[in-house]
Amino acid sequence: MKIKTLVFDLGGILYKHSENWLVDMSRKYNIPIKELEKIFKDYNKYATSNEKSKRFWIDLKEKFDISDSWKKVRQTMLDSIILVKEIVRLIRKIRQKGYEVLFFANSHVDLTPEINKKYKITKEFDGGLFSHEHAFFKPDKRFYKKLLKITTSKPKEILFIDDTKRNLEPAAELGMHTLLFKNPLQLTKKLKEYGII
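Heads up, the final residue of the sequence shown is numbered 440 in the numbering used here, and it's a clean run with no missing numbers.
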């Protein structure tokens, strides 16, 4: 059956951290890089409410005796996020061809609205879901069922694109086509194979 809807993850595909953002933060605040890697590994747990997120940044500031305000420390992370322009162009091309394009992202209550404000990400899509606005995160199947409610396409008419393999599994179980994103060139090639572009 013909693909009618494409669903994109955002972080790691449409936008990403600059290559050396942890190194930059490590140098700026004199924090060992291994410590930062360990701390940010758990960041998603704190990204579900403004209160938890604020606590995360305050704890980071206090643990390493940082003189900057917690908001300034957080801004260091925000400033490291860059838009992948090849993907923006690709999405525009897909929409021009009449496909519905949705976003479906695990998001952070404090960072995602700021990123969207800076890059106007949601205007590039026909709609979508941010996890911080719902009670679920990928790969929770209940979140995917919410996705199916915002499109008229059947699961077999949807191509679901994500850069994390485990996030593809519930989509496949629900009958969607899935594609593991590696880089813009690989994605372009795969979309050509599907006859989408």
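In this text, a Cβ means the ideal position worked out from N, Cα and C, and glycines have one as well.
**Study point:** Cβ-Cβ distance between F346 and L253 below 8 Å
**Key:** yes
Check your understanding: Exposed or buried, what is H385 when buried is set at 16 or more other beta-carbons lying within 10 Å of its beta-carbon?
Key -> Rather than His, the amino acid found at residue 385 in this sequence is Arg. R385 comes out exposed.
Exercise for review: Verify whether the separation of the beta carbon atoms of L249 and V331 is less than 8 Å.
Suggested key: no
Review point. DSSP state of L345, grouped into three classes?
Key: strand
Point to revise | Under the three-state DSSP convention, the category Y437 falls into | key: coil
**Study point:** Three-state class that DSSP yields for D311 in the structure shown
**Key:** coil
Practice item. Determine the direct distance from the alpha carbon of Q339 to that of K281, and round the result to whole angstroms. Key: 42 Å
Review point. What residue does the alpha helix (DSSP H) around T355 start on, and which one ends it?
Key: T355 to Y362
Review point. How far does the alpha helix (DSSP H) with F283 in it reach, from first residue to last?
Key: I276 to K284
Check your understanding: Are K388 and L372 closer than 8 Å when you measure CB to CB?
Key -> At a Cβ-Cβ threshold of 8 Å, K388 and L372 do not count as neighbours.
Exercise for review: Pull up the distance between the alpha-carbon of K397 and that of I324, whole angstroms please.
Suggested key: 34 Å
Practice item. Please name the residue, chosen from L423, P413, K363 and I364, that lies closest to K381 on a Cα-to-Cα basis. Key: Of the candidates L423, P413, K363 and I364, the residue whose Cα lies closest to the Cα of K381 is P413.
Check your understanding: Can you give the beta carbon distance from H375 to L402, rounded, assuming they're within the 8 Å contact cut?
Key -> Rounded, the Cβ-Cβ distance is 24 Å, inconsistent with contact.
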